[in-house]
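Notes to accompany the following structure.
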Ligand SMILES: [Zn+2]
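Protein chains in written order, with the numbering used here: chain A, 3 to 82; chain B, 76 to 254.
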């Protein structure tokens with residue numbers, strides 16, 4: 003599997019670290035939405051939105067990956 | 076009390092230079108190193124200030140520039156100034172990195188073949204010309220690789236990993252020399 007860093011170009015998986023599911027962070031006080039944000043995860047067979055870090059240049063990326071094929075359909079910089 | 080004189084010691088790479096086949100690995104002295112991390116939105120102003128002070132502007136992603144000293148892209152929103160003392164740059168965080176890195180020069184006609192055994196990047200001259208620099212992974216270390224000449228690559232890693240870096244490089248040189 004390869005990911006395309008917006009700075010460094012297409013690189014091998016070994017340069018990246020998985021950072022978990024890219025979820026919408028809830029606002030406000032503790033409630034069911036926060037419980038889901040902290041504890042509940044889908045286990046999709048298909049499109050998965052994930053955080054990855056390109057270790058060598060320190061950029062956090064939001065990656066749209068198909069878990070069945072490892073096809074990467076989109077990579078954007080997290081701060082963008 | 077006795078007078079004390081401080082003597083700079085080189086990173087513990089083991090004995091260098093080492094030659095294997097057509098390739099030589101030696102320890103380089105890049106002079107003073109300073110990382111430059113412009114504050115948010117300040118990269119343009121910092122580049123202008125650096126250029127006014129040294130003649131060097133902040134180079135684009137994956138490139139470096141040389142003049143009196145040298146400056147290279149070193150990661151996201153990060154640059155490394157070498158071979159000169161850093162000027163005052165109010166819009167950026169400057170950190171002295173001089174003793175933090177080990178710098179090795181790999182010279183000879185088979186640099187790309189040697190590096191192909193260690194890093195997941197195409198470092199042949201056509202893909203990685205003079206003035207190109209990259210951050211990549213080597214043998215578990217986050218390194219910086221810069222092409223300093225048609226037959227010369229400069230590799231930097233954290234100083235604490237100097238011996239591991241030299242070992243990994245020499246092993247790859249031996250693998251290529253044995254072909
Ligand atoms: Zn990158």
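Backbone N, C-alpha and C define an ideal beta-carbon position, used for all residues, glycine too.
{"Asked": "Three-state secondary structure assigned by DSSP to residue 125(B)", "Found": "helix"}
{"Asked": "Counted within 10 angstroms of its Cβ, other Cβ atoms place residue 9(A) as buried (16 or more) or exposed", "Found": "buried"}
{"Asked": "Within 8 Å, strictly: CB atoms of residue 195(B) and residue 16(A)", "Found": "yes"}
{"Asked": "CB contact flag (residue 65(A), residue 79(A), <8 Å)", "Found": "no"}
{"Asked": "Contact list for residue 195(B) against chain A, beta-carbon separation under 8 Å", "Found": "13, 14, 16 and 17"}
{"Asked": "Below-8 Å beta-carbon distance, residue 222(B) vs any chain A residue", "Found": "no"}
{"Asked": "For residue 224(B): DSSP bridge partner residues", "Found": "227(B)"}
{"Asked": "Span separating the alpha-carbon of residue 151(B) from that of residue 77(B)", "Found": "47 Å"}
{"Asked": "Residue span of the alpha helix (DSSP H) that contains residue 186(B), given as start and end", "Found": "186 to 191"}
{"Asked": "Cβ-Cβ separation, residue 148(B) to residue 141(B) (assumed contact under 8 Å), whole Å", "Found": "About 13 Å separates the two Cβ atoms, so there is no contact after all."}
{"Asked": "Distance, residue 230(B) Cα to residue 12(A) Cα", "Found": "20 Å"}
{"Asked": "Nearest-angstrom Cα separation, counted from residue 84(B) out to residue 120(B)", "Found": "36 Å"}
{"Asked": "Below-8 Å beta-carbon distance, residue 80(A) vs any chain B residue", "Found": "no"}
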